[in-house]
Structures are given as C-alpha cells and as structure tokens.
Amino acid sequence: MALLVRAVRIAIGFAVLLPLIAFGLITKDRWDQATSEAERVIVQETAVAAEHIGRVLETQESILQQIDLVIRGLSWHEIETSPAVQRMLTDFADRRAHVASVWIADEEGRVRAGSAAWPAGTTIADRGYFLAQRPADQGTLVSEPIIGRVSDQRVFTVSRRRTTDNGTFGGLIFVAVAAEYIETFFASLIRTEGVVVLIRPNGDLLARTPPTRAVQRLGPDSQLMQRLAVDRMNRPSGVVSGVYWGRSIIYGGERLYGYQSVEPYGLIASIGTNLDDIYEPWWRDTLRYGLITALLTLLLAAAGLSLLAAARRADAATARALDEAERNAAAQRRIDALERQNAITRVVAGVAHEFNNLLTPILMGAELLRERAAGAEERRTLDSMIGAAERGGRLVADLLSYIQNQFLRIEKVAPLPAIEETIAEFRAGLRDGIALAFEATEPVPDILTDRRQLQLALDHLLDNAQRAMPDGGTITVRLVALPGGMNGGHVLIAVEDTGVGMTPDVLAQAREPFFTTAAYRECPGLGLAMVSGFVGQLGGTLTIDSRPGQGTRVQMRLPIARG
Numbered sequence: 026m027a028l029l030v031r032a033v034r035i036a037i038g039f040a041v042l043l044p045l046i047a048f049g050l051i052t053k054d055r056w057d058q059a060t061s062e063a064e065r066v067i068v069q070e071t072a073v074a075a076e077h078i079g080r081v082l083e084t085q086e087s088i089l090q091q092i093d094l095v096i097r098g099l100s101w102h103e104i105e106t107s108p109a110v111q112r113m114l115t116d117f118a119d120r121r122a123h124v125a126s127v128w129i130a131d132e133e134g135r136v137r138a139g140s141a142a143w144p145a146g147t148t149i150a151d152r153g154y155f156l157a158q159r160p161a162d163q164g165t166l167v168s169e170p171i172i173g174r175v176s177d178q179r180v181f182t183v184s185r186r187r188t189t190d191n192g193t194f195g196g197l198i199f200v201a202v203a204a205e206y207i208e209t210f211f212a213s214l215i216r217t218e219g220v221v222v223l224i225r226p227n228g229d230l231l232a233r234t235p236p237t238r239a240v241q242r243l244g245p246d247s248q249l250m251q252r253l254a255v256d257r258m259n260r261p262s263g264v265v266s267g268v269y270w271g272r273s274i275i276y277g278g279e280r281l282y283g284y285q286s287v288e289p290y291g292l293i294a295s296i297g298t299n300l301d302d303i304y305e306p307w308w309r310d311t312l313r314y315g316l317i318t319a320l321l322t323l324l325l326a327a328a329g330l331s332l333l334a335a336a337r338r339a340d341a342a343t344a345r346a347l348d349e350a351e352r353n354a355a356a357q358r359r360i361d362a363l364e365r366q367n368a369i370t371r372v373v374a375g376v377a378h379e380f381n382n383l384l385t386p387i388l389m390g391a392e393l394l395r396e397r398a399a400g401a402e403e404r405r406t407l408d409s410m411i412g413a414a415e416r417g418g419r420l421v422a423d424l425l426s427y428i429q430n431q432f433l434r435i436e437k438v439a440p441l442p443a444i445e446e447t448i449a450e451f452r453a454g455l456r457d458g459i460a461l462a463f464e465a466t467e468p469v470p471d472i473l474t475d476r477r478q479l480q481l482a483l484d485h486l487l488d489n490a491q492r493a494m495p496d497g498g499t500i501t502v503r504l505v506a507l508p509g510g511m512n513g514g515h516v517l518i519a520v521e522d523t524g525v526g527m528t529p530d531v532l533a534q535a536r537e538p539f540f541t542t543a544a545y546r547e548c549p550g551l552g553l554a555m556v557s558g559f560v561g562q563l564g565g566t567l568t569i570d571s572r573p574g575q576g577t578r579v580q581m582r583l584p585i586a587r588g
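If you count by the numbering used here, then the sequence shown holds residues 26 to 588, one letter each, in order.
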C-alpha cells in the first residue's frame, strides 16, 4: 500500500505541475503572438502614413504641372498682371488644406505671383531649394523645413524648375506645404505616447507628432538613419521598409518602430509605439489565464489530496489487518512499537501543524503593527515578537524534519557568511541582559554541509545557551579552521555560554531526543539530538563540555570541502 500512497503523491505532483507548464507555454505563445501582431500593425500603419504622404506630394506635383502648363509662353509681366493666373494660385491654396501657399519666382529669386501678398524687397534666392534647382533640374524637389515668410508657419516646399526654350533656368514654381496639416493627420495614427515622423533622406525633420523642438534633424548615428543606410546599400532604388526595436532619443524607454520610404520623393515616414500599448492585452490575458490555472490547480490538488487520504486510510486498514494476522510475540512487539511511533508522529505532526497555524496570524499581526508603530521602543518590542514567532516557526519545521528523518542537501558552503547571518537574526530577538560575541579566525575554508541545516543547528545551540542563562550572561561563538591530517582538516564552530552548566548525569543524556531538565521545561528537548544527528551525517564530531555553575561549551567539527 506504500506504493499506492507514493503513486498518489506522484499523481498529485503531476496534477499541480501540468497546469503550470500549460500556463507557461500558453503565456509564451501569447507573448509571441502579441509581438508578431504589433509588428504587423506597425507595418500597416507605416504603410498608411507613407501612402497618404505620397498622395499629398502627388497633389503638389499635379498643381505644379498645371501651373507650368498655364504660364508656359507668358512673359513675366503677363504672369504678374493676369487675373486668371492669380485666381488659379489662390484657388489652389484655398481649396486644399495641406497647401499653405503657391508661388511663382523668376530666375533671380523674385516672387512674381502667388496666392497671397509677398513681402516687398525679399526674395527666395537664399533658400536651399532655389539654390538646388538653379544650376540643374532636380525634378520635383522637397525642401528642408523652413518658416514661411508670408504665413510665418512651419512649412516645407515642393518645387519644380522652369526651363526656357533655350534650356536655361527660367525661375521656379513652388508650393508651401503646412507641417501642421501633416502632423494633424499623424495624430490620427498614433496611440498612447506614440510618435510619427516624416524626414528627408539627410535626416531633416519635416513633421512630427507630437511636435518637438528638441530634435530638428536625425543624426547619422540614430538607429533609423543607420537602418536606412543599410537598406539603401542593399536596395539602391524602390521602396524600403522595416521594423526595429529601439529606445526613444527624446523620452527614453523601449519602443517598436516601423518605417517606409515615400517614393519617388525619397522621404521616409516612421511610426513608434509604446510597449504598454503592445502588451496591455497580453497582460490582461495572462491575468485571466493565471486565475484559471490557479483555480484548476487548486481543484486538482484537492482531488489528489482526497485520493491520498483514501490511500492512507487503506494503508492504515491494511496495517491493522496485518496486526490482527500476526500472532507471535516478537512480531506483535515490533508492530506495537511501530504503532506507537506512528501515533507519536501523527500527534507531533498535528500539534506542530496547529502551532504553525497559531504562529501565522501572530506573525502577520506583529508585522502589521510594526509598520504602524510610531516609536522606536514599540518597533523594538515588535521586532522581538516577530523574531520569537519566526523562531517558533523554525522549531515547528525542525520538529517535522526530525520526525520525518529528511535527507541533507550537501554542497559546498562558506561557513562565515552563513554563521554571520544566523547570529544577526538571533541577535534581533536576544533577551535583555545577554551579550552575544562572535570571533572568527580567517581565512575559513568551505565545508561540505547543508547550509540551512547548519544554520538551524547553530540556532539551536544559541537558543540552548540563552535558556541556560536565566539571570543573563555572555554567549560567545567561535569559528576556527583546523587544517592538517589525512582527512584534510576540519572547521570548528564552538558555542560557549556562562550559564548554569550541567551535571554529569544530565550531560550523559543531553543528546537523547526529548530529554530535558527542569530548567528547560519550555524546550521540547530536540535541539542537541538534532545537532548531534546532523553533525554525524556529515562525518563530523560533536563534543559537549559542561560543569555546574561554570557554563557549557558545544563544539562542532565539520570536514573541510576538498577540491
């Protein structure tokens, strides 16, 4: 029947583990889906932005072509004085939201006609787009961002070169596009803390939503410009596009970016989205799946525990049947002894469990009061309560560990930090009138032990020492390396107190389980028994020296780890 109980326990483990594994796999799959969907959406949104910008520029190009056809063959005087030309320019500017103004300039940069009044005495001869179109035809050219001299707005121009019949430069037709219009359209594409930009091939920032004055041009070291440089090397002509993960140069923080070129104009539209917008649905799904997984795990665990209880009842029934079947005296004595041991185990385990249930609200209440304590004295008192409750919890764990004869988890351990940590924890709950000193002779080599059990053993020795000094005194902990010998040496951990000491009769029984004296009625009598068993399992030795009225010294010699 023990095999049945073991099989049920394994089944409970799988029942708890499988939903957790499924939850992890589903969460990972949803994460990958969220990432893929975010990249798909950013590509789609970037394509929409690039397409809209392309249509705006195509409209400007159409306007430039129409104006060029109308004024072809006209003199400058005719262009300046023609009501039809003036009306056409005004209509283009008034009927299209993205057009800030439309202008015609001569070969010297003087504006001869436009959709509004041009400031007297000013020219466009200093503008970059004029200087670029003057020596050679650049086709439809998108300029750098400028402040319009008539509108005083942020604009960029789309220009077309006029060429005379003999092939010389005959002036310029240009349209000023309002950056605000582009940014308003961009605002309809972005989500929380998102960003959309339109840049020239050299990094000039033509429009940005949300607007900023912190950056006017992207440098060649920016992630977007670096990716564009690589894309253009691999694909000198045609549309380039892509996505990448990077940090915002203005706001910081990780973002997902998409970009696409606007051809044949060479501009680049880019959209960046905040990670919270991407993964918020994933977090919601994860929470929902987590709750479902937790509920399913609890249900399976409850069912498993019910099966385990039934298996244990069957096991107990079998044991009782065997007891009845066994008639000889020797077998009967062994069965009786086993039943007594099992009964003690169940009683002790039940008491320990109930004691642990009592400690939990005490510890939680003390910690809550500690957070609300106003004075240092109150906090110290509550720290002592918390320390006592935590030691009580460790005592319960030790009791169960002793009853169940758990195996040690032996590994290389540095004893100095482990002992310092235990002393620091014990010092927090030290009784008034008791001093605690620690002496270590460094260097101290590593030992082979179970770190947690080592700390529990030391905690037991410290607790015994404190109990042995009802009127106060001093506890001294010493840590010394004892190298040499064929066995590779030992590390000595000694705990000394100035307490009442022990008589030879008491000392002879000190290591027996559940043995205690009148001075130790509040102690269950497991401490030295556990320490002795622990040291013996490690291949070490435990010595106890004590005399009435002269205190007690307990020494643990543990083997040094080799290699």
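Ideal Cβ placement from N, Cα and C applies to all residues, glycine included.
- Judged by DSSP in its simplified three-state form, histidine 123 adopts coil rather than helix or strand.
- By the Cβ criterion, the stretch 385–392 is in contact with the stretch 409–417, since at least three pairs of Cβ atoms, one from each stretch, lie closer than 8 Å.
- When rounded, the separation of the alpha-carbon atoms in arginine 260 and threonine 52 is 38 Å.
- With 16 or more other Cβ atoms from the protein chains shown falling within 10 Å of its own Cβ, glutamate 70 counts as buried.
- Under the DSSP assignment, asparagine 191 falls outside any beta strand (DSSP E); it carries neither an H nor an E label.
- Asparagine 299 sits in a strand when the DSSP states are folded into three classes.
- As the crow flies, the alpha-carbon of leucine 553 is around 33 Å from that of arginine 337.
- If you draw a 10 Å sphere on the C-beta of tryptophan 128, you find 16 or more other C-beta atoms in it, and that means buried.
- Of the residues Glu349, Ile78 and Arg152, the one whose Cα lies closest to the Cα of glycine 134 is Arg152.
- Boundaries for methionine 581: no alpha helix (DSSP H) harbours it, while the beta strand (DSSP E) harbouring it runs 576–584, taken from the DSSP string.
- Nearest in C-alpha terms to proline 170, of all of Leu231, Phe210 and Leu114, is Leu231.
- Residue pairing of alanine 72 in beta bridges, as defined by DSSP: absent, with no partner found.
- In this structure, valine 525 keeps its C-beta atom at 8 Å or more from the C-beta atom of leucine 583.
- With respect to the 8 Å criterion, arginine 186 and aspartate 162 are classified as neighbours on the basis of their beta carbons.
- Going by beta carbons, valine 183 and alanine 203 fall outside the 8 Å limit.
- Straight across, the Cα-Cα distance linking valine 222 with alanine 212 is about 11 Å.
- With respect to the 8 Å criterion, tryptophan 307 and alanine 59 are classified as neighbours on the basis of their beta carbons.
- With contacts defined as CB atoms closer than 8 Å, threonine 322 and leucine 45 qualify as a contacting pair.
- Restricting attention to Glu436, Ala125, Ile500 and Ser331, the CA atom closest to the CA of histidine 485 is found in Ile500.
- Under the three-state reduction of DSSP, leucine 455 is assigned to coil, being neither helix nor strand.
- Looking from the CA of alanine 506, the closest CA among Met494, Gly497 and Ala519 belongs to Ala519.
- By the beta-carbon neighbour count (other beta carbons within 10 angstroms, threshold 16), valine 220 is buried.
- The C-beta distance from isoleucine 293 to serine 286 rounds to 5 Å, short enough to fall under 8 Å.
- Among the bridge pairs identified by DSSP, threonine 182 is matched with Ala201.
- Shown here for leucine 114: same chain residues with a beta carbon closer than 7 Å to its own, the five before and five after excluded, namely Val127, Ala138, Gly139 and Ser140 in chain order.
- Here the stretch 435–446 makes contact with the stretch 465–476; the two share three or more CB pairs at distances below 8 Å.
- Residues of the same chain with a CB within less than 7 Å of the CB of glutamate 132, apart from the 5 flanking positions on each side, are Phe194, Gly195 and Gly196 in chain order.
- In the displayed model, isoleucine 500 falls within a strand according to three-state DSSP.
- Our two residues, serine 100 and serine 107, have alpha carbons roughly 10 Å apart in a direct line.
- In the three-state DSSP reduction, isoleucine 448 falls in the helix class (H, G or I).
- For the options Phe199, Ile104, Arg272 and Asp93, the alpha carbon positioned closest to that of serine 247 is the one of Arg272.
- Taking 3 residues as the minimum length, the stretch 311–346 contains no beta strand (DSSP E) run wholly inside it.
- Along the stretch 238–264, the alpha helix (DSSP H) occurs as fully enclosed runs of 4 or more residues at 248–259, listed in sequence order.
- Threonine 318 places its beta carbon less than 8 Å from that of phenylalanine 48.
- A residue is called buried once 16 or more other Cβ atoms fall within 10 Å of its Cβ, and asparagine 299 is buried on that count.
- DSSP places arginine 572 within a strand segment (E or B) once states are collapsed to three.
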